[in-house]
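J.: Numbered per my numbering, the sequence shown spans residues 4 to 259.
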Amino acid sequence: MLRIVNRKLILGRHEGMFHVQRSFRRTVDISSSPFETDGIVSFFVNVLCVLLMYGSAYLANTGAMLFGKWIPDKTGMPVIVIDGGKNYSDGNRILGDGKSWNGLIGGGIVSGILFTLAHNLWNNNGTEVPFIDPIIYADSSDWFWIFEGEIGSSLAAFTMGFILGFSCMIGDMCGSFVKRRRGLKREGDESSEAPLLDTVPFAIAIFIAAFVLFDGQVITHPDLIEEIFFLLIVTPIIHRAFNIFGYKVGLKEVPY
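(1) Give the straight-line distance between the Cα atoms of residue 152 and residue 123, rounded to the nearest whole angstrom.
(2) Go through its chain and collect everything with a Cβ distance to residue 200's Cβ below 7 Å, but skip five positions before and after it.
(3) Within the same chain, show all residues whose beta-carbon is closer than 8 Å to that of residue 161, passing over the 5 residues directly before and after it, in chain order.
(4) Do residue 88 and residue 172 have their C-beta atoms closer together than 7 Å?
(5) Sort out for me which residues DSSP pairs residue 84 with in a bridge.
(6) Using DSSP bridges, identify the partner residues of residue 96.
(7) Please confirm whether residue 227 and residue 133 have their CB atoms less than 7 Å apart.
(8) Where do the ends of the alpha helix (DSSP H) carrying residue 158 lie?
(9) Are the CB atoms of residue 209 and residue 235 within a distance shorter than 7 Å?
(10) Taking the straight line between their C-alpha atoms, what separation do you get for residue 190 and residue 50?
(11) Could you give the distance in angstroms between the alpha-carbon of residue 136 and the alpha-carbon of residue 68?
(12) State the Cα-Cα distance for the pair residue 247 and residue 73, rounded to the nearest angstrom.
(13) Please list, in chain order, all residues of the same chain as residue 45 whose beta carbon is under 7 Å from its beta carbon, the five residues on each side excluded.
(14) Going by Cα to Cα distance, which pick from 245, 230, 252, 240 is closest to residue 41?
(15) Between residue 95 and the rest of its own chain, which residues show a CB-CB distance below 8 Å, the 5 nearest in sequence each way excluded?
(16) Taking the beta carbon of residue 138 as the centre, do at least 16 other beta carbons fall within 10 Å, making it buried, or is it exposed?
(17) If we ignore side chains and look at the alpha-carbon of each, how far apart do residue 131 and residue 36 end up?
(18) Please classify residue 59: does DSSP put it in a helix, a strand, or coil?
(19) Taking its Cβ as the centre, do 16 or more other Cβ atoms sit within 10 Å of residue 63, making it buried, or is it exposed?
(20) Return the CA-CA distance between residue 105 and residue 245, expressed in angstroms with no decimal places.
(21) If you run the structure through DSSP and keep just helix, strand and coil, what is residue 141?
(22) For residue 133, report the span of its alpha helix (DSSP H) as first-last.
(23) Cβ atoms of residue 212 and residue 291: under 7 Å apart, would you say?
(24) In three-state terms, what does DSSP make of residue 218?
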C-alpha cells in the first residue's frame, strides 16, 4: 500500500504506534494541488485562504499593541524600549518609544497562539479550501517540529506562528527606522502617518521569513504566489482597517 503522508512515503510498513496513528489521522495527498487556479472566484477563494493562513502573523501588530501599551497601562508593567532611548547620528531617536521589547516578543506570542488555534480548529479539514491547517504538510522531520505526540503538532504551529509574527515586528521596526531617518517622528503617544512604511515592510518580512524558513509548507505553496502578491498590495488597506478598530477600542491613540 502506498500512501503520501505529510510529505513522507510509507510503503505499508509500521514505524511505531505514534507514526501509524498520526499517519492515519493526517493522510494528505500532495501530488495534486488543493487550490483551484482557474477563474476569478477561485482566485479570491485562494486570497481568503492566504489571508487566513497569514492573518495570524499580520495580527502580531495587534499583539504588540496589547503587550507594549494596553497591558502596561492596565498593570503598570514596565515598558523596555528597544533603542534604549538613544539617538541616531541624525539626532533623532533610532526607533522611538513605540518600539519596545514588550511589543516585539508579545507580537510573536500572539501570532504563535493564533497559529496554534488555527491548527487545532482546522487540522481535520484536510485540504478543504479556505480553512486549511497551516502545518498540514509538516511532520516530525521538519526543523520546527520539536516534540512528538499531539503536543508536538501544536508546538510546531506555535513555532511557525511565533517566527512569522516576530518577523512581522522586525519588518515593522525597519519601517520605523526609515521613517525616523526621513524625519517622520512620533509625537508623544501619536505616531506619524506613513501608509506604505507602516505596512509594506512588515508584510515583506513575513513573506521572506515564510519562503526562507518554511519552504515546502502549504503557506508557501507555488499555486498561491499570485494571491500572496495580491495580499501584499492590499496590506495597507487591511492594516488601516485594523488600526481603526484598535483606535475605536482604545488600543491606539490614532486610527493609523
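Built from N, CA and C at the ideal position, the CB exists for glycine as well.
T.: From the atom records:
(1) The residue you call residue 152 lines up with position 149 of the sequence shown. The residue you call residue 123 lines up with position 120 of the sequence shown. Taking the straight line joining both Cα atoms gives about 14 Å.
(2) Here residue 200 corresponds to residue number 197 of the sequence shown, with the count starting at 1. Answer for residue 200: 178, 181, 182, listed in chain order.
(3) Indexing the sequence shown from 1 puts residue 161 at position 158. Result list for residue 161: 115, 116, 118, 119, in chain order.
(4) Here residue 88 corresponds to residue number 85 of the sequence shown, with the count starting at 1. Here residue 172 corresponds to residue number 169 of the sequence shown, with the count starting at 1. Note that the C-beta distance between residue 88 and residue 172 is not below 7 Å.
(5) Start at 1 with the first residue of the sequence shown, and residue 84 comes out as number 81. Paired residues: 103.
(6) Position 93 of the sequence shown, counting from 1, holds the residue named residue 96. Answer is 90, bridged to residue 96.
(7) The count along the sequence shown starts at 1 and reaches residue 227 at position 224. The count along the sequence shown starts at 1 and reaches residue 133 at position 130. Residue 133 sits away from residue 227, with the two beta carbons spaced by 7 Å or more.
(8) The residue you call residue 158 lines up with position 155 of the sequence shown. Residues 153–184.
(9) Here residue 235 corresponds to residue number 232 of the sequence shown, with the count starting at 1. Here residue 209 corresponds to residue number 206 of the sequence shown, with the count starting at 1. No, they are not a contact pair.
(10) Within the sequence shown, numbered from 1, the residue matching residue 190 stands at position 187. Within the sequence shown, numbered from 1, the residue matching residue 50 stands at position 47. With a pLDDT of only 46 at residue 190, under the threshold of 50, the placement of this residue in the model should not be trusted; the figure read from the coordinates follows. As the crow flies, the alpha-carbon of residue 190 is around 36 Å from that of residue 50.
(11) In the sequence shown, counting from the first residue as 1, residue 136 sits at position 133. In the sequence shown, counting from the first residue as 1, residue 68 sits at position 65. Rounded to whole angstroms, the separation of the alpha carbons of residue 68 and residue 136 is 27 Å.
(12) Start at 1 with the first residue of the sequence shown, and residue 247 comes out as number 244. Start at 1 with the first residue of the sequence shown, and residue 73 comes out as number 70. Cα-Cα distance, rounded: 16 Å.
(13) Taking the sequence shown and counting its residues from 1, the one referred to as residue 45 is at position 42. Beyond the five residues adjoining it in sequence on each side, residue 45 comes within less than 7 Å, by CB distance, of 39 in the same chain, given in chain order.
(14) To locate residue 41, count along the sequence shown from 1; it is residue 38. The candidate whose alpha carbon is nearest that of residue 41 is 230.
(15) Reading the sequence shown from its first residue, position 92 is the one you call residue 95. If the five residues before and after residue 95 are omitted, its C-beta is found closer than 8 Å to the C-beta atoms of 183, 184, 186, 188, all from its own chain and listed in chain order.
(16) Taking the first residue of the sequence shown as position 1, residue 138 is located at position 135. Flag for residue 138 reads buried.
(17) Your numbering for residue 131 matches position 128 in the sequence shown. Your numbering for residue 36 matches position 33 in the sequence shown. Each residue's alpha carbon lies about 11 Å from the other.
(18) The residue labelled residue 59 in the question sits at position 56 within the sequence shown. If DSSP states are grouped into helix, strand and coil, residue 59 belongs with the helices.
(19) By one-based count along the sequence shown, residue 63 stands at place 60. So residue 63 counts as buried.
(20) The sequence position of residue 105 within the sequence shown is 102, counting from 1. The sequence position of residue 245 within the sequence shown is 242, counting from 1. Their Cα atoms are separated by approximately 20 Å.
(21) Walking along the sequence shown from the start, residue 141 turns up at place 138. In the structure shown, residue 141 adopts coil according to DSSP, grouped into three states.
(22) Your numbering for residue 133 matches position 130 in the sequence shown. Unbroken run through residue 133: none, as it is neither H nor E.
(23) Outside the shown range of the chain, which is 4 to 259, sits residue 291, and nothing can be said about it.
(24) Your numbering for residue 218 matches position 215 in the sequence shown. DSSP, reduced to helix, strand and coil, places residue 218 outside both helices and strands of the structure shown, so it counts as coil.
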